[in-house]
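**Student:** To start, I am sharing the structure in question, which I have written as structure tokens.
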Amino acid sequence: MKEEILKKAQKLDAEDTLASFRSKFYFPQKNGGDCIYLCGNSLGLQPNTTSQYVNAELEKWQKHGVEGHFTGAKPWVSYHKNSKSVLAKILGAKEDEVVAMNNLTTNLHLAMASFYRPNGKRTKILIERGAFPSDFYAVHSRIKVSGQDPDKNLIELEPTDGSDYLSTAEITAKIEELSDELALVMFPGVQYYTGQLFDIDAITKAAHKVGAYAGFDLAHAAGNVPMQLHDTNVDFAVWCTYKYLNSGPGGVGGLFIHEKHGQNIEMPRLSGWWGHDSESRFKMKNQINPIPTVDGWQLSNVNILSHASHLASLDIFDQAGIENLRAKSIKLTDFMESVINSSEVLTKNIKVLTPGSSNERGAQLSLYLINHGKSVFEFLLDNGAILDWREPNVIRVAPVPLYNSFTDVVNFVSILEKAIINEG
Ligand SMILES: *Cc1c(COP(=O)(O)O)cnc(C)c1O
Numbered sequence: 001m002k003e004e005i006l007k008k009a010q011k012l013d014a015e016d017t018l019a020s021f022r023s024k025f026y027f028p029q030k031n032g033g034d035c036i037y038l039c040g041n042s043l044g045l046q047p048n049t050t051s052q053y054v055n056a057e058l059e060k061w062q063k064h065g066v067e068g069h070f071t072g073a074k075p076w077v078s079y080h081k082n083s084k085s086v087l088a089k090i091l092g093a094k095e096d097e098v099v100a101m102n103n104l105t106t107n108l109h110l111a112m113a114s115f116y117r118p119n120g121k122r123t124k125i126l127i128e129r130g131a132f133p134s135d136f137y138a139v140h141s142r143i144k145v146s147g148q149d150p151d152k153n154l155i156e157l158e159p160t161d162g163s164d165y166l167s168t169a170e171i172t173a174k175i176e177e178l179s180d181e182l183a184l185v186m187f188p189g190v191q192y193y194t195g196q197l198f199d200i201d202a203i204t205k206a207a208h209k210v211g212a213y214a215g216f217d218l219a220h221a222a223g224n225v226p227m228q229l230h231d232t233n234v235d236f237a238v239w240c241t242y243k244y245l246n247s248g249p250g251g252v253g254g255l256f257i258h259e260k261h262g263q264n265i266e267m268p269r270l271s272g273w274w275g276h277d278s279e280s281r282f283k284m285k286n287q288i289n290p291i292p293t294v295d296g297w298q299l300s301n302v303n304i305l306s307h308a309s310h311l312a313s314l315d316i317f318d319q320a321g322i323e324n325l326r327a328k329s330i331k332l333t334d335f336m337e338s339v340i341n342s343s344e345v346l347t348k349n350i351k352v353l354t355p356g357s358s359n360e361r362g363a364q365l366s367l368y369l370i371n372h373g374k375s376v377f378e379f380l381l382d383n384g385a386i387l388d389w390r391e392p393n394v395i396r397v398a399p400v401p402l403y404n405s406f407t408d409v410v411n412f413v414s415i416l417e418k419a420i421i422n423e424g
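Read in order, the letters of the sequence shown are residues 1 to 424 in this note's numbering.
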């Protein structure tokens with residue numbers, strides 16, 4: 001690694017107005033120092049305020065027992081409302097369109113119960129080939145539960161020209177081809193394996209043009225890239241909060257339902273008491289009266305401890321601002337790619353699977369090792385880098401703008417170069 005690249009990184013860090021956010025997180029330790037943590041796309045780091053937020057609710061429980069539902073600045077009965085304003089900013093939604101609840105896959109099932117209702121010829125769901133396993137299982141099983149044949153109705157789109165990722169034109173062409181047989185298009189915001197950022201606007205428009213719904217899995221997009229879910233007319237979206245949103249392992253998930261559907265209380269859904277109008281919730285009248293917002297899809301009372309942990313991280317997002325984070329993220333990922341490309345050893349041995357243009361990717365590069373295997377990954381781990389390995393030969397690295405630095409990028413690439421040179 002050339003000395004001048006490290007100097008450049010140090011200069012970029014000195015100019016970075018978000019650099020101080022790094023100190024708000026705990027870093028795993030290795031060899032007496034902070035790890036180079038590039039795994040925020042899998043499990044975001046813990047903010048050092050999280051325990052305060054969680055402890056506040058534990059204390060409230062200690063002191064007030066069941067009365068905690070109605071006491072303090074954040075009564076448990078309406079606790080889910082505390083995350084709405086920041087989530088709305090991150091996702092480009094109205095507060096009445098977003099709610100944190102359950103986990104991602106559960107929310108996907110709840111959304112599909114409303115948005116996949118096969119009717120006549122219109123029975124198909126379009127996803128991408130190589131979708132995240134949970135999404136594939138969810139969609140496949142939903143088709144089956146609906147009395148349809150998944151072999152005929154689950155359409156998996158793959159690139160035609162041997163490319164590593166789909167073009168928007170290929171996706172919209174397939175949507176047009178399926179036309180009135182298509183019930184739902186279910187795509188990721190950012191693809192977990194390649195890191196590709198899809199054109200949510202174009203996909204949604206194409207789906208609506210043929211009379212299908214458009215839903216998105218934002219597991220790798222929420223907190224990574226800013227979105228405009230309301231203005232792009234997305235029908236529904238789901239996400240988890242333990243990746244870029246740093247809410248802790250298995251943390252609460254999220255659901256977006258566009259207000260045009262949220263306001264429609266006749267929209268079929270799976271219901272529970274928490275989605276019911278709070279005034280008459282306890283009247284036990286057996287009369288269903290859903291809340292006319294996304295909250296009408298809630299089933300259960302709020303998981304307070306998980307939600308408290310979520311709020312700790314959302315407050316940091318609010319201070320940093322998703323647009324500022326994205327601006328740094330673009331620089332950081334572009335910088336990582338340029339440092340990799342400046343090394344002859346690396347360009348010979350690595351193929352970047354992620355699209356090269358910043359408007360087609362978020363904070364991730366998926367590095368395909370052409371001539372080496374898992375031992376490179378193990379060398380990286382031994383030398384203090386934490387990242388993610390995917391079969392057959394892919395290392396996914398996520399330089400996260402909230403807590404990663406340009407120096408992290410250089411240190412990582414230099415260990416990667418050593419690993420490959422060592423292997424010969
Ligand atoms: C991480 C991830 C999930 C995880 O689902 P959970 O229900 O939170 O366990 C699902 N889908 C995608 C695309 C993911 O990246």
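All C-beta atoms, glycine included, are put in the ideal place defined by N, C-alpha and C.
#1: Among F27, E170 and N31, which has the Cα closest to the Cα of L38?
#2: So F256 is in the beta strand (DSSP E); what residue range does that whole segment cover?
#3: Going by beta carbon distance, what residues of the same chain come within less than 6 Å of Q46, once the five residues before and after it are set aside?
#4: Which complete alpha helix (DSSP H) runs does the segment 124 to 204 hold, if anything under 4 residues is left out?
#5: In terms of alpha-carbon separation, which member of I420, A219 and E417 lies closest to V238?
#6: Please determine whether the Cβ atom of A73 lies at a distance below 8 Å from any heavy atom of ligand 1.
#7: With respect to the alpha helix (DSSP H) encompassing V86, which residues constitute its N-terminal and C-terminal limits?
#8: Residues in the same chain with beta-carbon distance under 7 Å from P159, minus the five sequence neighbours each way, listed in chain order, please.
#9: Starting from the N-terminal end, write out each residue whose C-beta falls within a distance shorter than 6 Å of any non-hydrogen atom of ligand 1.
#10: Quick check on K283: buried or exposed, where buried means 16 or more other Cβ atoms within 10 Å of its Cβ?
#11: Below 9 Å between beta carbons: does that hold for V397 and L367?
#12: May I have the straight-line CA-CA distance separating S114 from T105, to the nearest angstrom?
#13: What number of angstroms, rounded off, separates the C-alpha of T232 from the C-alpha of K209?
#14: Helix, strand or coil: how does DSSP classify N55 here?
#15: Enumerate, from N- to C-terminal direction, the unbroken alpha helix (DSSP H) stretches of 4 or more residues contained entirely within the segment 272 to 322.
#16: Helix, strand or coil, according to DSSP, for S329 in the structure here?
#17: Taking three-plus beta-carbon pairs below 8 Å as touching, is the segment 286 to 305 in contact with the segment 371 to 387?
#18: At the level of alpha carbons, what is the spacing between E95 and S414?
#19: What's the gap between the Cα of V98 and the Cα of A206?
#20: Give the range of the beta strand (DSSP E) segment to which I350 is assigned.
#21: Sort out for me which residues DSSP pairs L369 with in a bridge.
#22: In or out: A419 buried (at least 16 other Cβ within 10 Å) or exposed?
#23: Pull up the distance between the alpha-carbon of E279 and that of A73, whole angstroms please.
#24: Can we say the segment 291 to 298 touches the segment 313 to 325, given the rule of at least three CB pairs closer than 8 Å?
#25: With burial defined as no fewer than 16 other Cβ atoms inside 10 Å of the residue's Cβ, what is the status of R129: buried or exposed?
#26: How about Q364 and T333: do their beta carbons lie closer than 9 Å?
#27: Under the DSSP definition of a beta bridge, which residues are partnered with Q364?
#28: Just to confirm, is the Cβ distance from T347 to A9 under 9 Å?
#29: What is the DSSP secondary structure of F425, reduced to helix, strand or coil?
#30: To the nearest angstrom, how far is the alpha carbon of E423 from that of E417?
#31: Going by beta-carbon coordinates alone, are V294 and I5 separated by less than 9 Å?
#32: Excluding the 5 residues flanking P268 on each side, which residues of the same chain have their C-beta closer than 8 Å to its C-beta?
#33: Report back the beta-carbon spacing between L270 and L110 to the nearest angstrom; my notes put them in contact at under 8 Å.
#34: List the DSSP bridge partners of S421.
**Tutor:** In short:
#1: Nearest C-alpha to L38: F27.
#2: Looking at the DSSP string, the run of the beta strand (DSSP E) that includes F256 is G254 to I257.
#3: Taken in chain order, the residues that qualify are Y26.
#4: Listed in chain order, they are 133 to 145, 150 to 153 and 168 to 178.
#5: When each option's Cα is compared against that of V238, the closest is A219.
#6: For A73, the CB stays at least 8 Å from every heavy atom of ligand 1.
#7: K84 to L91 is the extent of the alpha helix (DSSP H) around V86.
#8: Only Y165, L166 and E170 meet the Cβ criterion.
#9: The set of residues whose C-beta lies within less than 6 Å of a heavy atom of ligand 1 reads, in chain order, N103, L104, T105, F132, S134, D135, P188, Y192, D217, A219, H220, C240 and G253.
#10: K283 comes out exposed.
#11: The Cβ atoms of V397 and L367 sit closer than 9 Å to each other.
#12: Those two C-alpha atoms are separated by around 15 Å.
#13: Distance between T232 and K209, taken at the CA atoms: about 13 Å.
#14: When secondary structure is reduced to three states using DSSP, N55 falls in the helix class.
#15: Those alpha helix (DSSP H) runs which fall completely within the segment 272 to 322 and span 4+ residues are 304 to 320.
#16: Correct three-state label for S329: helix.
#17: The segment 286 to 305 vs the segment 371 to 387: no contact.
#18: One C-alpha to the other measures close to 44 Å.
#19: In a straight line, the C-alpha of V98 is about 24 Å away from that of A206.
#20: Following the DSSP letters along the chain, one finds I350 inside the beta strand (DSSP E) bounded by residues I350 to V352.
#21: I350.
#22: Around the CB of A419, 16 or more other CB atoms lie within 10 Å, so the residue is classed as buried.
#23: Cα to Cα, the separation comes out at about 20 Å.
#24: By the Cβ test, the segment 291 to 298 is not in contact with the segment 313 to 325, since fewer than three Cβ pairs between them sit closer than 8 Å.
#25: Counting other Cβ atoms within 10 Å of its Cβ, R129 stays below 16 and is therefore classed as exposed.
#26: Yes, the pair counts as a contact, with Cβ atoms nearer than the cut-off.
#27: Looking at the DSSP output, Q364 bridges to nothing.
#28: Going by C-beta atoms, T347 is not nearer than 9 Å to A9.
#29: Absent from the structure is residue 425, since the part of the chain shown begins at 1 and ends at 424.
#30: Rounded to the nearest angstrom, the two C-alpha atoms are 10 Å apart.
#31: In this structure, V294 sits away from I5, with a CB-CB distance that is not shorter than 9 Å.
#32: Close CB contacts of P268 within its chain, under the 8 Å cut and outside five residues either way in sequence, are with A113, S114 and R117 (chain order).
#33: Indeed, because the Cβ distance is near 6 Å, the residues count as touching under 8 Å.
#34: Residue 421 is actually Ile in this sequence, not Ser. DSSP, once it has assigned bridges, lists no residue as partnering I421.
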